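Going down the list, the protein sequences come from chains A and B.
With this note's numbering, the residue at position 12 of the first sequence is 16, and numbering never jumps.
With this note's numbering, the residue at position 53 of the second sequence is 57, and numbering never jumps.
Cβ atoms here follow ideal geometry from the backbone N, Cα and C, with glycine treated the same way.
As the structure is a computational prediction, the values presented were derived from the model and not from experiment.
Working notes, structure below.
Protein chains: 2
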Amino acid sequence: MTPSPASGKRQHVVDTAYALFRQGGFHATGIDRIIAEADIAKMTMYRHFPSKDELIVEVLDYRAGRFDRQLDRLEQEGITAEQKISKIFDWHERWFRGDDFHGCLFAHALAEFGDPGHPVFKAVARQKNRLRSRMQAILEDVMPPDCAEGAAAALLMLIEGATLMAQMGQPAIGNARKAAAAIIGAASVPH
Amino acid sequence: MTPSPASGKRQHVVDTAYALFRQGGFHATGIDRIIAEADIAKMTMYRHFPSKDELIVEVLDYRAGRFDRQLDRLEQEGITAEQKISKIFDWHERWFRGDDFHGCLFAHALAEFGDPGHPVFKAVARQKNRLRSRMQAILEDVMPPDCAEGAAAALLMLIEGATLMAQMGQPAIGNARKAAAAIIGAASVPH
DNA sequence: CTAAAAAGAGACAGACCTGTCTCATCACCA
DNA sequence: TGGTGATGAGACAGGTCTGTCTCTTTTTAG
């Protein structure tokens, strides 16, 4: 039973942990650091989250949920599939340019929790699969489903790679865009 | 002054640390674990490597060197640029299928050492830049240099993304290959 | 054979880690 | 006002971490 479903403390811990994990990584960020930054007692945190691992999963799910809602709004817009994909690249470009960009939290989580049975690993796989299937759904408007599956996978790979390069200080989102256009162009059915 | 330039102990430590870092990550793999697995005394390790961070850099540079030599041999082969790129994808495909594949060690290092001033970060940036520039050199045989630069970046992004997806148990190297063909086809100068 | 270099063995320090426990305090609601 | 649940504060346990130190043993080179 969660101690306080309506409490703001829980989300505050998630927010603080999110910021710290992003900057310093998961193993390198200790519980003591999180509770100091969030200005709460240690027991308050452990009453909400039974372990650090579960807090990490919660942070990832929270972040994934926000991104998912962004995709919800995108899908409701009355624009072409190409424009929707372009908007996803826009989001990433803005993200890369931000002051506190430190790479993809999910990719980092995968790096630190490589065991496929670990809950953190599963949370990462969930998020990446969701993004891929949603891009696939978008692409199915302009190409047959089997083509859309491969194209969505290719777009996801480009985005992941672009995020990694952006973290190394090499903005290549423009090249990713051009490559995405070539991929979609090669798979699209002319209308 | 390095204690023993010709000693095999040093490389043995690097090999052991490489295997452990790959499986368990950097922060999660302690010095004690490394020396136990390598069956050496702790002081032997610290005489060769002044700190854990420098050992990590050494491991990364060693791995990068091996990959670089593989690229050297590839460049000497008398095959087309497309065939060379295809061979690089072959290497990755075999790597992904291996039993002890745990993702890209360099990407993982970047996840755990996100500070651009950190020696580990710089070692990662070196390796990725080298791979990109070498792919660019290959592509310049079939397209103008400015096109080759963008195409090489796109190929690197695809490869990084494919590695990440492979780690999540979703083999997408075939889709990456098709996307690479579309990218090269769009940028190539017909001869 | 001998002297120097390398390695082994293990104690040790000091810090940090996760997670638990107790008790006092505070807010809110009936 | 009284009670109840959430929180604060901090000690504490038990473990792990990196890195240092000393002493002994082994290996290597001249």
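Interface flag, residue i vs chain B, CB-CB below 8 Å
i	result
Gln171/A	yes
Leu221/A	What is shown of chain A runs 5 to 195, which leaves residue 221/A out entirely.
Ala176/A	yes
His16/A	no
Chain A contact for residue i (CB, 8 Å cutoff)
i	result
Ala10/B	Low local confidence applies: a pLDDT of 41 at Ala10/B is under 50, so the model's placement there is unreliable, with the coordinate-based value given in what follows. So no, Ala10/B is outside the interface.
Lys56/B	no
Glu144/B	no
Lys132/B	yes
Lys13/B	no
Ala190/B	yes
Ile44/B	no
Leu78/B	no
Ala166/B	yes
Ala180/B	yes
Ala186/B	yes
Ala183/B	yes
Ala141/B	no
Check whether residue i and residue j have beta carbons under 8 Å apart
i	j	result
Gly29/A	Ala115/B	yes
Ala180/B	Phe93/B	yes
Gly165/B	Met147/A	no
Ile187/B	Ala186/A	yes
Leu24/B	Ile39/B	no
Asp72/A	Pro123/A	no
Gln131/A	Phe110/A	yes
Asp145/A	Ala183/A	no
His106/B	Gln174/B	no
Sequence-distant residues of the same chain with beta carbon closer than 6 Å to residue i, five excluded per side
i	result
Cys108/A	Thr167
Lys88/A	Leu78, Ile142
Glu97/A	Ile177
Val53/B	Before going further, note that residue 53/B is Phe rather than Val in the sequence given. Hits under 6 Å: Leu59.
Cys151/A	Ala191
Met169/A	Ala176
Leu159/B	Met139, Ala184
Val128/A	Phe110, Ala113, Leu114
Tyr22/B	Val63
Ser55/A	none
Residues near residue i in its chain [Cβ-Cβ closer than 7 Å; skip 5 each side]
i	result
Asp119/A	Phe125
His16/B	Ala42
Pro9/B	Note that Pro9/B has pLDDT 40, beneath the 50 cutoff, so the model's placement of it is unreliable and the number below is only indicative. There are no such residues.
Ile44/A	Lys13, Val17
Gln27/B	His106
Thr48/A	Lys13
Lys91/B	Leu78
Leu135/A	Leu160
Proximal residues to residue i (C-beta, below 8 Å), its chain only, five neighbours per side dropped
i	result
His31/A	Glu116
Trp95/A	Gln74
Lys46/B	Ile35, Asp36, Ile39
Problem set entry | Residues of the region 49-74 of chain B whose Cβ lies closer than 7 Å to any Cβ of chain A, in chain order | Within the region 49-74 of chain B, no residue has a Cβ that lies closer than 7 Å to any Cβ of chain A.
Exercise. What residues from the region 80-108 of chain A come within 7 Å of chain B, judged by C-beta to C-beta, listed N to C?
Worked result: Only His106, Gly107 from the region 80-108 of chain A bring a Cβ to less than 7 Å from some Cβ of chain B.
For this session: Could you say if the region 60-70 of chain A and the region 54-65 of chain B meet the contact criterion of at least three C-beta pairs nearer than 8 Å?
Result: Contact between the region 60-70 of chain A and the region 54-65 of chain B is absent, because fewer than three Cβ pairs lie under 8 Å.
For this session: Identify each residue in the region 18-40 of chain B for which the Cβ-Cβ distance to at least one residue of chain A is less than 8 Å, and report them in chain order.
Result: Against chain A - using a Cβ distance shorter than 8 Å - the residues of the region 18-40 of chain B are Gln27, Gly28, Gly29, His31, Ala32.
Exercise. For the region 150-162 of chain A, which residues have a CB atom closer than 7 Å to at least one CB atom of chain B, in sequence order?
Worked result: Under the 7 Å Cβ criterion, the region 150-162 of chain A contributes Gly154, Ala157, Ala158, Leu160, Met161, Leu162.
Problem set entry | Selection of the region 114-127 of chain A by Cβ proximity to chain B, strictly under 7 Å | The region 114-127 of chain A vs chain B, Cβ under 7 Å: Leu114, Ala115, Glu116, Gly118, Pro120.
Exercise. Do three or more CB pairs link the region 131-140 of chain A to the region 150-167 of chain A at distances below 8 Å?
Worked result: By the C-beta criterion, the region 131-140 of chain A is judged to be in contact with the region 150-167 of chain A, since at least 3 inter-stretch pairs fall below 8 Å.
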